[in-house]
Amino acid sequence: MKRKNIAMGSNPLDLIEYNHDQQNTASTSSPKKNLPEGVRSTEHLGEVIPNALKLTEKLTFSDYSKTSWAFKVQDNLEITRTEKILVDNTWVAFHKKDRKHMIACLNGLSVYFGEKNQENRCYVLFSGTQPGIYKSWASVCAVTKGTKAHYKKYSTIEEAQAEADQYLKKGQYYIDPELREKTPEANNLESMKKIKESEKELMNLKKQVLKIEEQIMRLKDKIDQLEAENQHLRDQTFLPE
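The sequence shown begins at 162 in this note's numbering and counts up one residue at a time.
Next comes the structure, spelled out in structure tokens:
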């Protein structure tokens, strides 16, 4: 079965696409000459989805998950779609011995791991022009360029704030705006806000219940009054047996 490689573009990091129409079309040299031209084979390799994952302007990867090029991941192992695309592309590059494709995959993995590691990471800058808690290493570099400063990396904002409170002036150091929303104080304020909103809604509901109960009492009084009047009329009125 022949494979036809089609370049996606002039960018050396672009992946090589496969013409699945050509893959699934019967060869003209097939010994079964009684088949008409264009008959497809039952071996369907699936569709390659181009540009399915874009990590940077120069790192764009295709999705091979629905083709025979997909790498078989170990059973009971769950990975994300992004991770699956990178694994499949690495396998395709290895299988084809495509050096440029392999370099693109390694660069893509590096970018992905770098972004992944930044998800729960933060830094405390203990000295320098603006001590505080920063979300990214780039932010630390921006305020320490050309100076000597001391810093430490943390995996959670809680750990970072605990030591920042211990070694810096509590409440007076810088905290990245995105990280500030995740601090215990911010969580407490959010909880207090929700409690107040809940209490307000609860009071409104209780007031509505009281109003409904008052309406029910008035209706009951009205029913009792009407029943008494009807009984009085019956007592004064001769009704034939």
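Even glycine gets a Cβ: it sits at the ideal position worked out from N, Cα and C.
| Asked | Found |
| --- | --- |
| Go through the stretch 275 to 302 residue by residue and report every complete run of the beta strand (DSSP E) that reaches 3 residues or more, in order. | 283 to 286 and 293 to 295 |
| Taking DSSP as the reference, what is the three-state secondary structure of I377? | helix |
| Output the boundary residues of the beta strand (DSSP E) element that contains L214. | I210 to K215 |
| For the alpha helix (DSSP H) containing F255, list its first residue and its last residue. | R242 to K257 |
| Terminal residues of the continuous alpha helix (DSSP H) containing D326? | I318 to Y328 |
| What residue range does the alpha helix (DSSP H) around L340 cover? | P338 to R341 |
| From L380 to R341, what distance separates their C-alpha atoms? | 55 Å |
| Between F232 and the rest of its own chain, which residues show a CB-CB distance below 7 Å, the 5 nearest in sequence each way excluded? | V248, D249 and W252 |
| Helix, strand or coil for T228? Go by DSSP, reduced to three states. | coil |
| If distances are taken between C-alpha atoms only, which option among Y315, E375, E208 and E218 comes closest to W230? | E208 |
| Closer than 8 Å is the cut-off here; do at least three beta carbon pairs connect the stretch 288 to 295 with the stretch 320 to 328? | yes |
| State the DSSP-derived secondary structure class of Y273, mapped to helix, strand or coil. | helix |
| Using 8 Å as the threshold, is the C-beta distance between V301 and Y315 below it? | no |
| Do L220 and G275 count as a contact pair if the criterion is CB distance below 8 Å? | no |
| With a threshold of 16 other CB atoms inside 10 Å of the CB of I356, please say whether the residue is buried or exposed. | exposed |
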